[in-house]
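Enquirer: Protein chains in written order, with this note's numbering: chain A, 2 to 145; chain B, 2 to 145; chain C, 2 to 145; chain D, 2 to 145; chain E, 2 to 145; chain F, 2 to 145.
Note that the Cβ used here is the ideal one computed from N, Cα and C, for glycine as well.
This structure is a prediction, so every number in the text was calculated from the model and none was measured.
Can you keep this structure in mind? I'll have questions shortly.
There are 6 protein chains.
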Amino acid sequence: VEELVIVIGSAQFSYTVDNPFTAGERVEMLKLAAFEEGISWDRLFVIPVNDVQSHSVWVSHVKARSPSFEVVFTGNSFVKLLFEDEGFEVRDIPLLERDKFNATEIRKKMIGGGNWEGLVPKSVADFIKKIDGIRRIKIWGSNQ
Amino acid sequence: VEELVIVIGSAQFSYTVDNPFTAGERVEMLKLAAFEEGISWDRLFVIPVNDVQSHSVWVSHVKARSPSFEVVFTGNSFVKLLFEDEGFEVRDIPLLERDKFNATEIRKKMIGGGNWEGLVPKSVADFIKKIDGIRRIKIWGSNQ
Amino acid sequence: VEELVIVIGSAQFSYTVDNPFTAGERVEMLKLAAFEEGISWDRLFVIPVNDVQSHSVWVSHVKARSPSFEVVFTGNSFVKLLFEDEGFEVRDIPLLERDKFNATEIRKKMIGGGNWEGLVPKSVADFIKKIDGIRRIKIWGSNQ
Amino acid sequence: VEELVIVIGSAQFSYTVDNPFTAGERVEMLKLAAFEEGISWDRLFVIPVNDVQSHSVWVSHVKARSPSFEVVFTGNSFVKLLFEDEGFEVRDIPLLERDKFNATEIRKKMIGGGNWEGLVPKSVADFIKKIDGIRRIKIWGSNQ
Amino acid sequence: VEELVIVIGSAQFSYTVDNPFTAGERVEMLKLAAFEEGISWDRLFVIPVNDVQSHSVWVSHVKARSPSFEVVFTGNSFVKLLFEDEGFEVRDIPLLERDKFNATEIRKKMIGGGNWEGLVPKSVADFIKKIDGIRRIKIWGSNQ
Amino acid sequence: VEELVIVIGSAQFSYTVDNPFTAGERVEMLKLAAFEEGISWDRLFVIPVNDVQSHSVWVSHVKARSPSFEVVFTGNSFVKLLFEDEGFEVRDIPLLERDKFNATEIRKKMIGGGNWEGLVPKSVADFIKKIDGIRRIKIWGSNQ
Numbered sequence: 002v003e004e005l006v007i008v009i010g011s012a013q014f015s016y017t018v019d020n021p022f023t024a025g026e027r028v029e030m031l032k033l034a035a036f037e038e039g040i041s042w043d044r045l046f047v048i049p050v051n052d053v054q055s056h057s058v059w060v061s062h063v064k065a066r067s068p069s070f071e072v073v074f075t076g077n078s079f080v081k082l083l084f085e086d087e088g089f090e091v092r093d094i095p096l097l098e099r100d101k102f103n104a105t106e107i108r109k110k111m112i113g114g115g116n117w118e119g120l121v122p123k124s125v126a127d128f129i130k131k132i133d134g135i136r137r138i139k140i141w142g143s144n145q
Numbered sequence: 002v003e004e005l006v007i008v009i010g011s012a013q014f015s016y017t018v019d020n021p022f023t024a025g026e027r028v029e030m031l032k033l034a035a036f037e038e039g040i041s042w043d044r045l046f047v048i049p050v051n052d053v054q055s056h057s058v059w060v061s062h063v064k065a066r067s068p069s070f071e072v073v074f075t076g077n078s079f080v081k082l083l084f085e086d087e088g089f090e091v092r093d094i095p096l097l098e099r100d101k102f103n104a105t106e107i108r109k110k111m112i113g114g115g116n117w118e119g120l121v122p123k124s125v126a127d128f129i130k131k132i133d134g135i136r137r138i139k140i141w142g143s144n145q
Numbered sequence: 002v003e004e005l006v007i008v009i010g011s012a013q014f015s016y017t018v019d020n021p022f023t024a025g026e027r028v029e030m031l032k033l034a035a036f037e038e039g040i041s042w043d044r045l046f047v048i049p050v051n052d053v054q055s056h057s058v059w060v061s062h063v064k065a066r067s068p069s070f071e072v073v074f075t076g077n078s079f080v081k082l083l084f085e086d087e088g089f090e091v092r093d094i095p096l097l098e099r100d101k102f103n104a105t106e107i108r109k110k111m112i113g114g115g116n117w118e119g120l121v122p123k124s125v126a127d128f129i130k131k132i133d134g135i136r137r138i139k140i141w142g143s144n145q
Numbered sequence: 002v003e004e005l006v007i008v009i010g011s012a013q014f015s016y017t018v019d020n021p022f023t024a025g026e027r028v029e030m031l032k033l034a035a036f037e038e039g040i041s042w043d044r045l046f047v048i049p050v051n052d053v054q055s056h057s058v059w060v061s062h063v064k065a066r067s068p069s070f071e072v073v074f075t076g077n078s079f080v081k082l083l084f085e086d087e088g089f090e091v092r093d094i095p096l097l098e099r100d101k102f103n104a105t106e107i108r109k110k111m112i113g114g115g116n117w118e119g120l121v122p123k124s125v126a127d128f129i130k131k132i133d134g135i136r137r138i139k140i141w142g143s144n145q
Numbered sequence: 002v003e004e005l006v007i008v009i010g011s012a013q014f015s016y017t018v019d020n021p022f023t024a025g026e027r028v029e030m031l032k033l034a035a036f037e038e039g040i041s042w043d044r045l046f047v048i049p050v051n052d053v054q055s056h057s058v059w060v061s062h063v064k065a066r067s068p069s070f071e072v073v074f075t076g077n078s079f080v081k082l083l084f085e086d087e088g089f090e091v092r093d094i095p096l097l098e099r100d101k102f103n104a105t106e107i108r109k110k111m112i113g114g115g116n117w118e119g120l121v122p123k124s125v126a127d128f129i130k131k132i133d134g135i136r137r138i139k140i141w142g143s144n145q
Numbered sequence: 002v003e004e005l006v007i008v009i010g011s012a013q014f015s016y017t018v019d020n021p022f023t024a025g026e027r028v029e030m031l032k033l034a035a036f037e038e039g040i041s042w043d044r045l046f047v048i049p050v051n052d053v054q055s056h057s058v059w060v061s062h063v064k065a066r067s068p069s070f071e072v073v074f075t076g077n078s079f080v081k082l083l084f085e086d087e088g089f090e091v092r093d094i095p096l097l098e099r100d101k102f103n104a105t106e107i108r109k110k111m112i113g114g115g116n117w118e119g120l121v122p123k124s125v126a127d128f129i130k131k132i133d134g135i136r137r138i139k140i141w142g143s144n145q
């Protein structure tokens, strides 16, 4: 892979149960994580893409927002279906220790007071604390 | 300046007179230009932002899409007004040789057959030719 | 009835649990079914209508998309309410063997491997197989 | 408090389970209630505001729709969070007898035939009966 | 007339040439003008309504946002047409000294430095100065 | 050509200068014209498609609304460009006597009192008169 485009889906949401952070905050966390791991930003494009109601149009939206790409990598079978139905080559990517590094599980720990910090890069944990991100996540645990 | 966020406005448009290229193509051209000039992508965030109908909400949209920022640089007095009315510090940036490096002028040369290639970085000119971008621009000169 | 307007609701959706097919595919299936049954297309209008958030505006949307109509036929009590509140005459239509010819039931059979093909016209079954429609429906059974 | 701005949220919805009434009907009921209680309309602004997908932009939407305000009163911890994250002073308001004067409970009584009329001002009860509002609420009890 | 509903159209716009002020600011100015003239707010509803793309649906949008109404007053022949085509009684209202009390003319004076203050109620003029509204209007005179 | 899909563009507009009629009225006129010419509706699909802001996504929208198609016929060079850039075969269709059978010219005659009726099928002329369509068109001639 020469260059990688990372799509941030559901970019229009924030302060929700599933998407507590704005697209801008998610971009910032991705960059912090990349730098902490020594991955150069130079070969990455990070592209926020809104959800659209017609899933059959979503691939076209991604294409309009992204530099051109040749292969799609995803671990999500629905994303795989959408891109294949538009004629793209899609490759599965294995998700490492999915039970552990899993957004739902991490949010549960954040609400319940578990050790979520060990599951994200240190710079990301610091960022979440700086913007008081735990409060956003807890509010859905208590409020609804 | 430690890090710079470049906002791509009117990101939802493409194939129009004023915005012939998709947001994704514009991101790609920015990266090509940066690399040709030896500017590292590492200190840049490129953020596409859609126009919104209520200009008074637009600053809030930019904030939701962008990493947090402290100072706004712009050469556009309307953008300056919007950010100042939301309490931001805004600094003017001088536009170099505006008569020459000017999107409207460059598009006019593209339509009329003038030497537009000398006015953009070489890698960007190559990219525009590769995607047959001149055809898109010419069509508005002829069609409407 | 001289002419019949068939409204395809939720036209903006596709590849979802409830609306696996695009509006275009639904139009095509309706035509296939009509032809198989020997019903002339000549007396039918098939009109896709998007959902709108304000239900009280939805009747107005239907009117803007449809040829003018005098009587509304529906088996859905909510649609009946909306049209009656806008002053339309609404007549109930009996749904034949609703337990059997029921979209939810048919989708369940598609996911579980039951005999769904006997519940739709043959040309529609062929169409669904041609576009690999079962895969779309199964993905929601497995994915979510 | 010199003047009070009452925000009607989710203003784009109507004929739904949670928002059976249009924004216009809700404005009208608020005015009827205010008049029945002898509260002058002169010190009130009633402002309908649509939901937006990005909660982080919602405060900005409220500001664009409302006369300027200095303090936010709310009994909802999520609304409190959104306004505080935008730098507003937010004060809690106690909700009186929340178990009793509670929209969900009132709608349940409307569906089940309980005494909902004693829980709303008389002029509001009359208004709901005039527009046949109980039918709208019952339809969701029966239809879904 | 027992009660009057004033519709603020194009409510979604602000900071534009034609709609420099937000809907909230326009509500506030209407109230200031009413109070200066001794008109009680008690018999007024001020309802902001967004433009919609399908004009044939716009009347329905107004109905969803407004308390119910029986007669429409307008000096605008297009608004008259839309409401008449939906079956409403529409009465013309004479516009007094239209050449003088005319938004376009007032904005021209604001840009050119003419005496605009004499053409609006004093409290409104004060409000516009307080929010630095002239700057917004001038920017379009200079910027585009 | 076995079956023809006619796309009605800008379907969301009505009562405007360029699109005085609703999508539903346009469908109805197309059917009247087809019947008057003895063209069977059986081989036609008439598909209303809204404009979208990103032209590069528009082809995908058409595909989601339409039965599948293999060849695109158009006399419009911009539509040709959009479909070709998505890989479709596009064939030009000659427009007969474009100076005469031209929507802009016909609307001019409608406003000015010229003989527009000779330029449209008789059943369409009758339909336009029945819905008082000339008033809609004249209002833009007089109002703006």
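How about D/A12: is its C-beta nearer than 8 Å to some C-beta of chain B?
Expert: The residue given as residue 12 of chain D occupies position 11 in the fourth sequence. Not one chain B Cβ lies under 8 Å of D/A12.
Enquirer: Between B/S57 and chain A, is any beta-carbon pair separated by less than 8 Å?
Expert: Counted from its first residue, the second sequence places residue 57 of chain B at position 56. No, its Cβ sits nowhere closer than 8 Å to a Cβ of chain A.
Enquirer: Relative to the alpha-carbon of E/P49, which residue among D/Q13, D/T75, D/W42 has its alpha-carbon at the smallest distance?
Expert: Here residue 49 of chain E refers to the residue found at position 48 of the fifth sequence. Closest by alpha carbon: D/Q13.
Enquirer: What residues in its chain sit with their C-beta under 6 Å from that of E/Q145, if we drop five residues either side in the sequence?
Expert: If you number the fifth sequence from 1, residue 145 of chain E lands on position 144. No answer about E/Q145 holds up, because its pLDDT of 39 lies below 50 and its placement is not dependable.
Enquirer: Residue range of the beta strand (DSSP E) that C/I94 falls in?
Expert: Locating residue 94 of chain C in the third sequence gives position 93, where the first residue counts as 1. Where C/I94 is concerned, there is no enclosing beta strand (DSSP E), given that its DSSP letter is neither H nor E.
Enquirer: Leaving out five residues before and five after B/G134 in sequence, what residues of the same chain have Cβ atoms less than 7 Å from its Cβ?
Expert: Against the second sequence, residue 134 of chain B aligns to sequence position 133. Closer than 7 Å at Cβ, skipping near neighbours: P21, F22.
Enquirer: Could you tell me whether any Cβ in chain A is nearer than 8 Å to the Cβ of F/S69?
Expert: Against the sixth sequence, residue 69 of chain F aligns to sequence position 68. Chain A contact via Cβ: absent.
Enquirer: Note down the Cα distance separating D/V63 from A/K139, rounded to an integer number of angstroms.
Expert: Residue mapping note: residue 63 of chain D aligns to position 62 of the fourth sequence, counting from 1. Residue mapping note: residue 139 of chain A aligns to position 138 of the first sequence, counting from 1. So the alpha carbons of these two residues sit roughly 24 Å apart.
Enquirer: Spatial neighbours of F/G10 within its chain, please: CB distance less than 8 Å, with the 5 preceding and 5 following residues excluded, ordered by chain position.
Expert: Sequence index remark: in the sixth sequence, residue 10 of chain F carries index 9 (1-based). Only V50, D52 meet the Cβ criterion.
Enquirer: Mind listing the chain C neighbours of F/F46? Cutoff is C-beta to C-beta under 7 Å, in chain order.
Expert: Position 45 of the sixth sequence, counting from 1, holds the residue named residue 46 of chain F. Under the 7 Å cutoff, chain C gives V28.
Enquirer: Check each residue of the segment 72 to 84 of chain A: if its Cβ is closer than 7 Å to any Cβ of chain C, include it; give the result in chain order.
Expert: So the close ones are S78, F79, L82, L83.
Enquirer: Is the Cβ of F/R137 closer than 8 Å to any Cβ of chain E?
Expert: Numbered from 1 along the sixth sequence, position 136 holds the residue referred to as residue 137 of chain F. It does: the Cβ of F/R137 has a partner Cβ on chain E nearer than 8 Å.
Enquirer: At a CB-CB cut-off below 7 Å, which residues of chain F make contact with B/I140?
Expert: Your numbering for residue 140 of chain B matches position 139 in the second sequence. Those are S78, F79, L82, listed as they occur along chain F.
Enquirer: What separation, rounded to the nearest whole angstrom, lies between the Cα atoms of A/G25 and B/V6?
Expert: Here the question's residue 25 of chain A lines up with position 24 in the first sequence. Here the question's residue 6 of chain B lines up with position 5 in the second sequence. Answer to the nearest angstrom: the Cα atoms are 11 Å apart.
Enquirer: List the residues of chain D that B/A65 touches, going by C-beta distances under 7 Å, in chain order.
Expert: Mapped onto the second sequence, residue 65 of chain B falls at position 64. In chain order: S55, S57, V58.
Enquirer: Contact defined as beta carbons within less than 8 Å: I believe C/W42 pairs with C/A34. What is the distance between those atoms, to the nearest angstrom?
Expert: Stepping through the third sequence from its first residue, residue 42 of chain C is reached at position 41. Stepping through the third sequence from its first residue, residue 34 of chain C is reached at position 33. Their Cβ separation, rounded to whole angstroms, is 11 Å, which puts C/W42 and C/A34 out of contact at 8 Å.
Enquirer: Take F/G132 and list the residues in its own chain whose beta-carbon comes closer than 6 Å to its own, dropping the five residues that flank it on each side.
Expert: The residue labelled residue 132 of chain F in the question sits at position 131 within the sixth sequence. The amino acid at residue 132 of chain F is misidentified as Gly; the sequence shows Ile. There are no such residues.
Enquirer: For A/P95, count the other beta carbons within 10 Å of its own beta carbon; 16 or more makes it buried, fewer makes it exposed. Which is it?
Expert: Along the first sequence, read from residue 1 onward, the residue named residue 95 of chain A stands at position 94. By the 10 Å Cβ count, A/P95 comes out exposed.
Enquirer: In the DSSP assignment, what residue or residues form a beta bridge with D/V72?
Expert: Position 71 of the fourth sequence holds residue 72 of chain D. Partner(s): D/E90.
Enquirer: For E/A126, go through chain D and note every residue whose CB falls closer than 9 Å to its CB, in chain order.
Expert: To locate residue 126 of chain E, count along the fifth sequence from 1; it is residue 125. Residues of chain D passing the Cβ test: none, with the nearest at roughly 17 Å.
Enquirer: Beta strand (DSSP E) containing D/V8: first to last residue?
Expert: Stepping through the fourth sequence from its first residue, residue 8 of chain D is reached at position 7. From DSSP, the beta strand (DSSP E) with D/V8 extends over 5 to 9.
Enquirer: Should A/V72 go down as buried or exposed, given a rule of 16 or more other Cβ atoms within 10 Å for buried?
Expert: The residue labelled residue 72 of chain A in the question sits at position 71 within the first sequence. Exposed, since its Cβ has fewer than 16 Cβ neighbours within 10 Å.
Enquirer: Nearest chain F C-beta to B/N144 closer than 8 Å, yes or no?
Expert: The residue you call residue 144 of chain B lines up with position 143 of the second sequence. Interpretation of B/N144 is limited by its pLDDT of 43, a score under 50 that renders its predicted location unreliable; no figure is taken from the coordinates.
Enquirer: Looking only at DSSP bridge pairs, what is D/I48 linked to?
Expert: To locate residue 48 of chain D, count along the fourth sequence from 1; it is residue 47. In DSSP, D/I48 forms a bridge with D/V8.
Enquirer: Would you say A/S15 lies against chain D (beta-carbon separation less than 8 Å)?
Expert: Taking the first residue of the first sequence as position 1, residue 15 of chain A is located at position 14. Chain D, which has a Cβ nearer than 8 Å to the Cβ of A/S15, makes this yes.
Enquirer: Under 8 Å, do F/F84 and F/V60 count as touching if we go by C-beta distance?
Expert: As a working mapping, residue 84 of chain F is identified with position 83 in the sixth sequence. As a working mapping, residue 60 of chain F is identified with position 59 in the sixth sequence. Taking 8 Å as the Cβ cut-off, F/F84 and F/V60 qualify as a contacting pair.
Enquirer: Is there a Cβ from chain E that is less than 8 Å from the Cβ of D/S41?
Expert: Numbered from its first residue, the fourth sequence carries residue 41 of chain D at position 40. Yes, D/S41 lies at the interface with chain E (some Cβ there is under 8 Å from its Cβ).
Enquirer: Taking the alpha-carbon of B/D19 as reference, which of F/P68, F/I129, F/S55 has the nearest alpha-carbon?
Expert: In the second sequence, residue 19 of chain B corresponds to position 18, counting from 1. It is F/S55 whose Cα lies nearest to the Cα of B/D19.
Enquirer: Could you tell me which residues DSSP pairs with D/S61 in its beta bridges?
Expert: The residue labelled residue 61 of chain D in the question sits at position 60 within the fourth sequence. BP columns for D/S61 are empty, so no partner.
Enquirer: Cβ atoms of B/S67 and B/V8: under 8 Å apart, would you say?
Expert: For the purposes of this step, residue 8 of chain B is taken as the residue at position 7 of the second sequence. For the purposes of this step, residue 67 of chain B is taken as the residue at position 66 of the second sequence. Yes.
Enquirer: Taking the alpha carbon of F/E98 as the point to measure from, which residue in F/E38, F/G76, F/G39, F/E4 has its own alpha carbon closest?
Expert: Taking the sixth sequence and counting its residues from 1, one reaches residue 98 of chain F at position 97. If we check each option's Cα against that of F/E98, F/G76 comes out closest.
Enquirer: DSSP state of B/S41, grouped into three classes?
Expert: Reading the second sequence from its first residue, position 40 is the one you call residue 41 of chain B. Looking at B/S41 - three-state DSSP - the assignment turns out to be coil, as it is neither helix nor strand.
Enquirer: May I ask you to report which of helix, strand or coil DSSP gives D/V55?
Expert: Stepping through the fourth sequence from its first residue, residue 55 of chain D is reached at position 54. Before going on, a small fix: residue 55 of chain D reads as Ser here, not Val. It is a strand residue.
Enquirer: DSSP on F/S67, reduced to helix/strand/coil?
Expert: For the purposes of this step, residue 67 of chain F is taken as residue 66 along the sixth sequence, with counting starting at 1. Looking at F/S67 - three-state DSSP - the assignment turns out to be coil, as it is neither helix nor strand.
Enquirer: Using only the alpha-carbon positions, how far apart do B/R44 and A/I40 sit?
Expert: Reading the second sequence from its first residue, position 43 is the one you call residue 44 of chain B. Reading the first sequence from its first residue, position 39 is the one you call residue 40 of chain A. Those two C-alpha atoms are separated by around 14 Å.
Enquirer: Using a C-beta cutoff of 8 Å, does E/D23 count as contacting chain B?
Expert: Looking up residue 23 of chain E in the fifth sequence gives position 22. In the sequence as presented, Asp is not what sits at residue 23 of chain E; that position holds Thr. At least one chain B Cβ lies under 8 Å of E/T23.
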